[in-house]
Amino acid sequence: MSMEIFPEQWARFTPRQRILRYTFFLLSAVILYWSVTSIDVIWEWVWDSPRQMGDLFSRMVPPDTRNLSSILMVLWETVNIATLATAIAVLISLPVAYMAAQNTTPNKATLWIGRFILVSSRSINTIIWALLFVAIFGPGIIAGIVAIMFRSIGFVGKLLGEAIEEIDHKPVEALEATGASRFKVIMYAIVPQVMPTFWAVSILRWDINLRESTVLGLVGAGGIGVMLQGAIDTFNWQEVATILLAIIVLVIVGEVISAWLRRKIL
Amino acid sequence: MLKITDLVKRYDTGQPVLKNLNLEIKGESVVSIIGSSGAGKSTLLRCINRLVEPSSGQIQLNGTDLTSLNRSQLRKARHKIGMVFQSFNLIDRLTVMENVQSGRLGSLPTWRAIARKYPKEDIRRAYELMDRVGIAHYADKRADELSGGERQRVGVVRALMQEPEILLADEPTASLDPKTSEQIMGLLRDLSREFALPVLINIHNVTEAKEYTDRIVGMRYGRIIFDALPSDLDKDAMDSIYSGTPAADRGADVQQSTVSGDVGAVAT
Numbered sequence: 001m002s003m004e005i006f007p008e009q010w011a012r013f014t015p016r017q018r019i020l021r022y023t024f025f026l027l028s029a030v031i032l033y034w035s036v037t038s039i040d041v042i043w044e045w046v047w048d049s050p051r052q053m054g055d056l057f058s059r060m061v062p063p064d065t066r067n068l069s070s071i072l073m074v075l076w077e078t079v080n081i082a083t084l085a086t087a088i089a090v091l092i093s094l095p096v097a098y099m100a101a102q103n104t105t106p107n108k109a110t111l112w113i114g115r116f117i118l119v120s121s122r123s124i125n126t127i128i129w130a131l132l133f134v135a136i137f138g139p140g141i142i143a144g145i146v147a148i149m150f151r152s153i154g155f156v157g158k159l160l161g162e163a164i165e166e167i168d169h170k171p172v173e174a175l176e177a178t179g180a181s182r183f184k185v186i187m188y189a190i191v192p193q194v195m196p197t198f199w200a201v202s203i204l205r206w207d208i209n210l211r212e213s214t215v216l217g218l219v220g221a222g223g224i225g226v227m228l229q230g231a232i233d234t235f236n237w238q239e240v241a242t243i244l245l246a247i248i249v250l251v252i253v254g255e256v257i258s259a260w261l262r263r264k265i266l
Numbered sequence: 001m002l003k004i005t006d007l008v009k010r011y012d013t014g015q016p017v018l019k020n021l022n023l024e025i026k027g028e029s030v031v032s033i034i035g036s037s038g039a040g041k042s043t044l045l046r047c048i049n050r051l052v053e054p055s056s057g058q059i060q061l062n063g064t065d066l067t068s069l070n071r072s073q074l075r076k077a078r079h080k081i082g083m084v085f086q087s088f089n090l091i092d093r094l095t096v097m098e099n100v101q102s103g104r105l106g107s108l109p110t111w112r113a114i115a116r117k118y119p120k121e122d123i124r125r126a127y128e129l130m131d132r133v134g135i136a137h138y139a140d141k142r143a144d145e146l147s148g149g150e151r152q153r154v155g156v157v158r159a160l161m162q163e164p165e166i167l168l169a170d171e172p173t174a175s176l177d178p179k180t181s182e183q184i185m186g187l188l189r190d191l192s193r194e195f196a197l198p199v200l201i202n203i204h205n206v207t208e209a210k211e212y213t214d215r216i217v218g219m220r221y222g223r224i225i226f227d228a229l230p231s232d233l234d235k236d237a238m239d240s241i242y243s244g245t246p247a248a249d250r251g252a253d254v255q256q257s258t259v260s261g262d263v264g265a266v267a268t
């Protein structure tokens with residue numbers, strides 16, 4: 001038919017779009033160049049790093065296990081920080097999740113209070129919470145527990161709140177129709193539906209907290225990090241190696257336990 | 001006795017879903033409400049226990065005006081009104097026994113509810129009722145392990161645990177296969193006789209309505225246009241209940257054409 005009305009050339013973009021795209025690429029390159037040059041890298045150190053790595057590694061081998069028993073003691077303390085903090089945080093996050101979920105919150109004010117607690121807890125890193133609580137409680141395990149707890153409330157509360165918002169409303173309606181009080185409706189129609197999420201989130205957070213509690217000591221908030229910091233400060237690289245290995249084992253064991261719990265409970 | 005006077009339900013915008021509705025149910029009769037989707041059957045049922053808040057009018061149940069109750073009085077009144085749902089509305093992850101006992105939540109002390117420490121007489125009653133409808137052997141099973149018909153029986157027992165003065169059933173058989181559906185309808189009729197219980201059933205299946213109920217109420221777009229014995233439901237009556245379009249009916253009521261189709265959406 002009328003082939004001649006079709007153009008012979010075809011382009012994905014119009015000339016205007018093409019210019020815009022090239023401008024965008026150029027701009028990205030400029031920004032990249034600008035950020036690399038402005039961060040003040042000492043390039044000799046970067047090029048030197050493989051040799052330094054080898055050097056550090058040779059100082060770490062063989063790991064020094066003379067302090068192993070006290071390392072394991074402190075590691076146990078680390079596990080306790082994570083577990084205690086998770087348990088307390090999960091309990092506190094229950095009412096917070098209830099307030100932050102749109103379908104259960106009593107009123108607008110509680111909704112915003114709930115959301116404010118979640119956001120402030122989540123937006124501040126555990127290490128920063130730890131710095132804060134070391135200043136308040138002094139260095140040690142209490143500061144660590146409270147720091148991890150504060151960070152966990154937001155995490156657990158947020159996910160639990162979302163689970164509450166996603167429940168099936170029908171059983172709720174049925175129990176309201178029986179004349180049950182608000183609290184009993186929550187206990188019978190909402191709690192059972194949220195239970196699987198509750199366990200999954202708690203286990204996941206315990207897993208995360210186990211890893212976070214190993215670095216708390218760097219700011220003096222108890223746990224294995226204190227020992228690690230001490231070993232690094234005294235250039236005791238062989239003990240640093242032992243501690244790092246111990247942490248790796250702990251994290252793997254934690255991973256195995258939480259996987260097992262998940263399978264057991266869910 | 002249930003007496004509904006001048007009941008109006010109007011959602012935020014536009015047309016009323018129920019228009020000055022009057023209905024009286026005496027004694028222990030089984031009454032079915034038929035009508036096309038969007039006629040307001042569900043809304044009517046839910047206005048009675050105020051799951052849907054009526055806009056105006058009166059609903060009296062054995063002398064109590066349900067529309068004027070405050071929150072805590074309403075909870076007490078709801079305890080006397082059993083309800084059965086189209087999708088059963090059970091709590092899937094709880095056992096059949098817990099689901100059944102949840103019908104008593106209105107009068108059960110909170111600590112007993114949480115600890116699952118149900119009173120002896122409630123447990124006895126639960127087993128009796130479960131045995132009556134044939135699910136006693138499922139007491140310890142989780143609700144989501146049961147079949148549709150069995151789940152609806154749990155729903156019925158939960159409602160009966162309330163020792164209700166009236167039973168509302170919102171399309172109780174619409175999610176069930178034909179045979180199970182007939183069994184449930186038969187069960188509702190028999191229970192009504194045994195417990196001297198008035199039963200109000202929303203239903204789409206007119207054949208079942210005729211067979212299992214004592215009286216048929218036909219609704220069309222917010223009004224009752226038929227109310228008689230099942231034997232009186234002839235072809236003309238059927239046509240007037242099920243023919244016509246919502247738009248035509250609205251046009252006849254109010255000269256306003258901004259809303260279309262939303263009545264059905266909110267009412268079902």
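Here the protein sequences come in this chain order: Z and Y. Under the UniProt record's numbering, the first residue of the first sequence carries the number 1, and numbering increases by one thereafter. Under the UniProt record's numbering, the first residue of the second sequence carries the number 1, and numbering increases by one thereafter. Positions of the beta carbon are idealized from the N, C-alpha and C atoms, including for glycine. Here the structure is a predicted model, which is why all the values come from computation and not from measurement.
Three-state secondary structure (DSSP) of residue i
i, result
"ASP140/Y", "coil"
"LEU229/Y", "coil"
"ARG63/Z", "Going by the sequence as given, residue 63/Z is Pro instead of Arg. In this structure, PRO63/Z counts as coil in the three-state DSSP scheme."
"LEU20/Z", "helix"
"ASN22/Y", "strand"
"THR268/Y", "Below a pLDDT of 50, predicted positions are generally treated as unreliable, and THR268/Y, at 37, falls in that range; the measurement from the model is reported next regardless. Of the three classes helix, strand and coil, the one that applies to THR268/Y here is coil, per DSSP."
"LEU244/Z", "helix"
"PRO178/Y", "helix"
"LYS117/Y", "coil"
"THR37/Z", "helix"
"VAL191/Z", "helix"
"THR207/Y", "helix"
"PRO15/Z", "helix"
"THR95/Y", "strand"
"VAL226/Z", "helix"
Length of the line joining the Cα atoms of residue i and residue j
i, j, result
"VAL61/Z", "ILE247/Z", "17 Å"
"MET73/Z", "ILE117/Z", "35 Å"
"ARG189/Y", "VAL191/Z", "35 Å"
"ALA177/Z", "ALA169/Y", "12 Å"
"LEU197/Y", "GLU163/Y", "10 Å"
"ILE164/Z", "ASN103/Z", "8 Å"
"ILE243/Z", "GLY154/Z", "30 Å"
"ASN205/Y", "TYR11/Y", "27 Å"
"ALA87/Z", "VAL219/Z", "23 Å"
"ILE203/Y", "GLU121/Y", "34 Å"
"ASN107/Z", "ASN22/Y", "36 Å"
"LEU105/Y", "PHE183/Z", "10 Å"
"ASN89/Y", "SER258/Z", "33 Å"
"SER147/Y", "ASP92/Y", "12 Å"
"GLY38/Y", "ARG151/Z", "50 Å"
"ARG125/Y", "VAL199/Y", "20 Å"
"ILE184/Y", "SER192/Y", "12 Å"
"THR78/Z", "PHE85/Y", "52 Å"
"VAL186/Y", "TYR212/Y", "Inspection of the sequence shows that residue 186/Y is occupied by Gly rather than by Val. Between GLY186/Y and TYR212/Y, the C-alpha separation is close to 6 Å."
"THR13/Y", "HIS169/Z", "24 Å"
"TYR138/Y", "ARG122/Z", "45 Å"
Beta-carbon contacts of residue i that lie in its chain and below 8 Å, excluding the five residues immediately before and after
i, result
"SER87/Y", "SER175"
"SER240/Y", "GLY218, ARG220, ILE225 and PHE226"
"TRP111/Y", "LYS117"
"LEU66/Y", "ILE48, ASN49, ARG50, ILE59, GLN60, LEU74 and ALA77"
"VAL172/Z", "VAL185, ALA189 and ILE190"
Beta-carbon proximity list for residue i, same chain, < 6 Å, skipping 5 on both sides
i, result
"GLY140/Z", "GLY222"
"VAL226/Z", "GLY217"
"LEU160/Y", "LEU129"
"LEU210/Z", "ALA82 and GLY254"
Per DSSP, cross-strand counterpart(s) of residue i
i, result
"GLY82/Y", "LEU167/Y"
"LEU200/Y", "VAL31/Y and LEU168/Y"
"MET219/Y", "ILE224/Y"
"THR43/Y", "THR43/Y pairs with nothing; no bridge assigned."
"VAL8/Y", "SER56/Y"
"LYS264/Z", "The partner list for LYS264/Z (beta bridge, DSSP) is empty, contrary to what the question assumes."
"LEU191/Y", "None, per the DSSP bridge assignment."
"LEU61/Y", "LEU2/Y and THR64/Y"
"PRO139/Z", "Looking at the DSSP assignment, PRO139/Z forms no beta bridge with any residue, so it has no partner."
Chain-order list of residues whose beta-carbon lies under 7 Å from that of residue i (same chain, five-residue window excluded)
i, result
"ILE71/Z", "MET227, THR242, ILE243 and ALA246"
"VAL201/Z", "VAL156, LEU159 and LEU160"
"GLU239/Z", "ASP64, ASN67 and ALA231"
"THR83/Z", "TRP206"
"LEU131/Z", "VAL219"
"PHE198/Z", "LEU160"
Secondary structure, alpha helix (DSSP H): runs of 4+ residues fully inside the segment 65 to 115 of chain Z: 68 to 100
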